[in-house]
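Following: one structure in structure tokens, then a few remarks.
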Amino acid sequence: MLVGDILRKKTPRVVTVRMNETVGIAAKLMRANNISALVVKDVVRSEGNTAVGMFTERDVVRAVAEHGANAVNVKVSQLVSVQQLVSCTSSDTIEHVRHLMNRHHIRHLPVIDEYSLVSVISMRDIAAAVDEATNSTPQAA
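The opening residue of the sequence shown carries number 1 in the UniProt record's numbering; numbering runs sequentially from there.
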């Protein structure tokens, strides 16, 4: 099974947050969209509007633990590591994506095809697809 197989069943909308936004804004975006991760984008002169990282519920908790009530005013850029974005493509296998998630201890991966952000795939998406494939396979008698 490929990432693209799962994406065909998902809403193509990707919610993003800019590096200069606050944790408070990011948390409101996650709540309003009922999601647990945002793609972080930054404007890079050479590349335009670029995905540079992921901001998750864990980052919100870390901000609160480190900054208390003032966490809502902390910039996303202070919490997101942008050394190397871990991502996948729609032609990657689910096994490869699971390996990346386990290796990097993450639950969400941006899907980038030909330098363009097309979606986000989560561990939950993968689990649901595997369950569906398992349950739709005819059982041996």
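Even glycine gets a Cβ: it sits at the ideal position worked out from N, Cα and C.
Q: Would you tell me roughly how many angstroms separate the C-alpha atoms of Ala26 and Met1, rounded to the nearest one?
A: 32 Å
Q: Tell me, please, whether the segment 4-11 touches the segment 54-64 by the rule of three or more beta-carbon pairs shorter than 8 Å.
A: no
Q) Under a three-way DSSP split, which group does Val39 fall into? A) strand
Q) Under a three-way DSSP split, which group does Ile112 fall into? A) Shown here, Ile112 sits in a strand according to DSSP, grouped into three states.
Q) Quick check: the segment 12-20 against the segment 84-92, are there 3 or more CB pairs under 8 Å? A) Contact between the segment 12-20 and the segment 84-92 is absent: fewer than 3 CB-CB pairs across the two stretches fall below 8 Å.
Q.
Taking 6 Å as the limit between beta carbons, can you name the residues of its chain near residue 151, skipping five residues before and five after?
A. Absent from the structure is residue 151, since the part of the chain shown begins at 1 and ends at 141.
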